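Take 42 as the starting number for the sequence shown in our numbering and just add one per residue. Report on the structure given below.
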Amino acid sequence: MAELGELMDEARAGAVTKLEKQRVALFDKGIWQFMQAGRAAYLEKEKLKAPTLQQGRAPRVNGPSVAGDPAKMDWFAAGVLGNWRSLGGQPTPRKVEGRIAHDGKFLYLQLEEQLDVKKLIITDDNVWAEDEWEIFFAKQRGRPYRQMGVNARGVHIDLRWGEENEKWDSGAKVISDTALPDRWRTPIAFPLAKLLPGGVKPGETIYLNIVRSSGQGATALAWIPTFAGYHEPTRLGEIVLEP
């Protein structure tokens, strides 16, 4: 862009006739100014990318085993997944939070948004066109990765991307809790052996992102802003499972 800017300066200085000046002005207004605006928007987006690529830890739960039942999990002992934003990196006034932990056999994940549960959109359980959470797991920032979409009834669709079979037998136990009028909680237990290819062990690092999506056109939120669509494995956040 700097080199192009110098060429534009040369073109302005070199324009002598009325026609030449008109042509330079036309290029400036019709193309060059749009290029400058696009470059500025790109640089602004790049500024937001690095600080929003979050990391987290999944504490190991000791004591009595939860035995794969997310309803028995002490979520106060879990790590917090906070600082949610729009997909474009903008802060949100909405109160959304995740919590994460493991016990050596299961990964426990609870997702919560404070809202009027009567306004949750539930349609025909196809998940993708409703109020839902979309969860993405991988062993790296790229393919293959796995995806779960879960709606407010606890119905979930589990998929694999970049693997031979697109269906993922997650073995997850999913609960959708709308018992309180002002919050929607979704606690989930994922067997570590089925979470990713080859399973996951304590002490290892996985990559994760979560999107809070609404079927009524509300702004989608994410733990890690993707600056694109939902499927952006290069923007997965790092999670360390404590040994």
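We put the CB at the ideal spot given by N, CA and C, even for glycine. Treat the numbers as computed from the prediction; the structure is a model and nothing was measured.
The Cβ atoms of residue 97 and residue 141 lie closer than 8 Å to each other.
Just so you know, the alpha carbons of residue 253 and residue 69 end up roughly 42 Å apart.
Within the region 80–164, the runs of beta strand (DSSP E) that reach at least 3 residues and sit entirely inside it are, in chain order, 96–99, 120–122, 137–143, 147–155. Looking at the backbone, the Cα of residue 229 and that of residue 88 are separated by about 34 Å. Comparing alpha carbon positions, the residue from 206, 135, 207, 196 closest to residue 223 is 135.
Spanning the alpha carbons of residue 85 and residue 167 requires a straight line of approximately 36 Å. Pairing residue 249 with residue 216 gives a Cβ-Cβ distance that is not under 8 Å.
Apart from the 5 residues on each side of it in sequence, residue 114 sits with its Cβ closer than 8 Å to the Cβ of 102, 107, 142, 149, 151, 228, 230 in its chain, given in chain order.
Looking only at 194, 50, 220, 112, the smallest Cα-Cα distance to residue 155 is reached by 220.
The shortest C-alpha to C-alpha distance from residue 258 to any of 127, 109, 243, 138 is the one to 127.
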